[in-house]
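Trainee: Just so we're aligned, residue 22 is where the sequence shown starts under my numbering, counting upward by one.
Glycine included, each C-beta is placed from N, C-alpha and C at the ideal position.
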Amino acid sequence: MGALYQGPGKFQPATLLLTGSRLPGSVPGMRLSSVATLVLLAVHAMGCSGLSATRPARDGAHEEMRRAMLEDMRYGRLDRDAVADLARTVAEREISEAKGVEAVQRVQQARACARELEDVLEQRSEGADKAAPLAAMALLLVDRGDPDAWRSHLTSMDPDWRAVAVRTLTTSEHGEPRRRAMLDHDQQVRRAAVQAAEKAMDPADRGALVDVARNDPDDLARVTAVRALGWVATEQDVQAMRDLWPLAPAPVQQALVSAWAFPGTLERGGLRQVLWVAETHTGTPAIIAGGILLRLGGETRGAGLAALRKAVQDGVARDRAFAIAMAPIQEPGWVEVLEKLGEEAEPSVRVAALEKLASYPKTAAAAREKLGRLAVSDRPGSAEARQAMARVGDRRVLRLLLQDAKSPKRPVRESAMRSFLALEDVARAAFFLSDPDAGVRMGTACSLLSASSRW
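In structure tokens, the structure reads:
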């Protein structure tokens, strides 16, 4: 693998298909003779036709689909619009055809792109299986679906449908049943109740939200309750949130820091609490606090910088990498700090620092070379380095990603897909729509559909 990297700035050519060594039609030095012109016109005409991969995608014939995609790529048909259409076709089939546990898994994956899959999720919500209420919930979470009809399930014996009904209680008029649902014996219903409260922003929920944040056995319900409280908190509530801190698990502490910075709550004592966390604590909550203070600027900026500088140098690797991602590299002294961290023995810290340096014009070239050497090695951090190269737009990593695309390990293939997408190489990312694993196909479809809204 090391032979792929040939010194500073030199990788072997990486313009490969998933199964070839050259993109069709990219023949150096070709003279545009009259014969070649006719060939190009014919290719263009073929490229204007529909995708060959569409029919096998509808049929779930994944090997045939992959072969058809190679043809589509050869004739330049895998543009962004075509890929988005193909992703929708694959996702709709996965959702509509899956049964039992598979159906539940596919619908849960669809939450990430529910807006783009509204029709098929609506259809799935009309079923009588376990996936039906999950499809309805996926739509409600993106303000789609039929809340008036689904509210009729408030007294359902099925907790999943009851959760759907509770999630529709998003106005002050729905306050009483919403607050009762925060005490339901099923955690999905309680989660739905605090999600509805976050959307309702009803001051009458404050007491119930404090109780959930303090006492609920489910961390996700507590986190959501804290977030909902952040939109309506009074000075008294801010102090109540501070009282939760000593016994709160890490996710709740992180939510508290974020909620203290919400508009209104920040001015009612939240800023004082954020400063307290930044100056007296460590770990993720302190990093979040530092980032908030840095963003606010003014006289709090110094405290934010100090918290982040401390965090990049001390603590567990995950937290240090998080702090590095938030580091203001343009500030005096930060380049030197990050260059030192780029020599760290801890792989995730080293890669995070090099990625940050690779995105800064003055240090980009050297940092990218270091990422490249690590990416082609067998040392710890090589996989992370490949991902980082893709995120900073270094296309020399393509050949390595093409190797990862053939891995028998699902996480490696999924990482390659995300990296192709980071490089905006949507045609190559689209090949994972024909992966033998349904979870990879659905994840790829959702990633492409979500990205298509930004194209």
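If you run the structure through DSSP and keep just helix, strand and coil, what is Ile-308?
Mentor: helix
Trainee: If you check the beta carbons only, do Glu-139 and Arg-114 fall under 8 Å apart?
Mentor: no
Trainee: Let me check understanding here. Comparing Cα to Cα, which of Pro-267, Asn-236, Ala-280 and Val-413 lies closest to Glu-256?
Mentor: Ala-280
Trainee: Would a check of beta-carbon distances place Leu-287 closer than 8 Å to chain B?
Mentor: Among the chains in the structure shown there is no chain B, since it carries only a single protein chain.
Trainee: With DSSP collapsed to three states, give me the class of Arg-165.
Mentor: coil
Trainee: Between the region 238–250 and the region 261–277, can you find at least three pairs of beta-carbon atoms closer than 8 Å?
Mentor: yes
Trainee: Check whether the region 116–127 touches the region 90–100, taking contact to mean three or more Cβ pairs, one atom from each stretch, closer than 8 Å.
Mentor: By the Cβ criterion, the region 116–127 is not in contact with the region 90–100, since fewer than three pairs of Cβ atoms, one from each stretch, lie closer than 8 Å.
Trainee: Under a Cβ-count criterion, where at least 16 other Cβ atoms within 10 Å of its own Cβ denotes burial, should Lys-377 be classed as buried or exposed?
Mentor: Burial check for Lys-377: the Cβ neighbour count within 10 Å reaches 16 or more, so the residue is buried.
Trainee: Looking at Ala-186 and Val-215, is the spacing between their C-beta atoms short of 8 Å?
Mentor: no
Trainee: Which class does Met-347 belong to by DSSP, given the choice of helix, strand or coil?
Mentor: helix
Trainee: Can you tell me which of the three DSSP states Gly-464 falls into?
Mentor: helix
Trainee: What ranges does the alpha helix (DSSP H) occupy inside the region 325–401, keeping only unbroken runs of at least 4 residues that lie completely in it?
Mentor: Listed in chain order, they are 338–347, 355–362, 368–379 and 385–396.
Trainee: With C-beta atoms as the reference, is Val-128 less than 8 Å away from Ile-116?
Mentor: yes
Trainee: Can you list, in chain order, the residues of its chain with a C-beta nearer than 7 Å to that of Pro-457? Leave out the 5 residues immediately preceding and following it.
Mentor: His-83
Trainee: Ends of the alpha helix (DSSP H) at Thr-75?
Mentor: 75–80
Trainee: Roughly how many angstroms lie between the CA atoms of Arg-407 and Ala-342, to the nearest whole one?
Mentor: 16 Å
Trainee: Quick one: Cα of Asp-80 to Cα of Ala-328, how far?
Mentor: 55 Å
Trainee: Could you give the DSSP three-state label for Ala-448: helix, strand or coil?
Mentor: helix
Trainee: If you follow the alpha helix (DSSP H) that Arg-439 is in, where does it begin and where does it stop?
Mentor: 431–443
Trainee: Note down, in chain order, each residue of its chain lying with its Cβ closer than 6 Å to the Cβ of Ala-153, except the 5 sequence neighbours on either side.
Mentor: The residues Ser-146, in chain order, have a CB closer than 6 Å to that of Ala-153 in the same chain once the five nearest residues on each side in sequence are set aside.
Trainee: Give me the residue from Arg-316, Val-273, Ala-271 and Ala-254 with the minimum Cα distance to Glu-288.
Mentor: Checked all of Arg-316, Val-273, Ala-271 and Ala-254; the closest Cα to Glu-288 is Ala-254.
Trainee: Report the option in Val-125, Pro-224 and Gly-71 whose CA atom is closest to the CA atom of Lys-151.
Mentor: Minimum Cα distance to Lys-151 is reached at Val-125.
Trainee: Helix, strand or coil for Val-413 per DSSP?
Mentor: Coil at Val-413, not helix or strand.
Trainee: Answer yes or no: do Met-410 and Leu-392 have a C-beta to C-beta separation smaller than 8 Å?
Mentor: Contact flag set, yes.
Trainee: Would you kindly work out how many angstroms separate the C-alpha atoms of Ala-344 and Leu-326, rounded to a whole number?
Mentor: 11 Å
Trainee: Looking at C-alpha atoms only, which residue of Thr-176, Trp-476 and Met-463 is the closest neighbour of Thr-110?
Mentor: Met-463
Trainee: For Asp-232, report the span of its alpha helix (DSSP H) as first-last.
Mentor: For Asp-232, the enclosing alpha helix (DSSP H) starts and ends at 227–236.
Trainee: Is it true that the CB of Leu-469 sits closer than 8 Å to the CB of Ala-78?
Mentor: The answer is no: Cβ separation not under 8 Å.
Trainee: Tell me where the alpha helix (DSSP H) around Lys-151 begins and ends.
Mentor: Unbroken run through Lys-151: none, as it is neither H nor E.
Trainee: Going by DSSP, what residue range makes up the alpha helix (DSSP H) through Ala-254?
Mentor: Element bounds for Ala-254: n/a, residue is neither H nor E.
Trainee: Going by alpha carbons, who is nearest to Arg-211 out of Gln-130, Arg-371 and Asp-232?
Mentor: By alpha-carbon distance to Arg-211, the top candidate from Gln-130, Arg-371 and Asp-232 is Asp-232.
Trainee: May I ask you to report which of helix, strand or coil DSSP gives Leu-314?
Mentor: For Leu-314, the three-state secondary structure derived from DSSP is helix.
Trainee: Leaving out the 5 sequence neighbours to the left and right, which residues in its chain are closer than 6 Å to Arg-200 when beta-carbon positions are compared?
Mentor: Same-chain partners within the cutoff: Ala-229.
Trainee: For the alpha helix (DSSP H) that Ala-105 lies in, which residues bound it at each end?
Mentor: Note, Ala-105: alpha helix (DSSP H), 101–118.
Trainee: Consult DSSP for Glu-92 and reduce its assignment to one of helix, strand or coil.
Mentor: Reduced to three states, the DSSP call for Glu-92 is helix.
Trainee: How is the alpha helix (DSSP H) around Asp-179 delimited, first residue to last?
Mentor: First-last for Asp-179: undefined, no H or E at that position.
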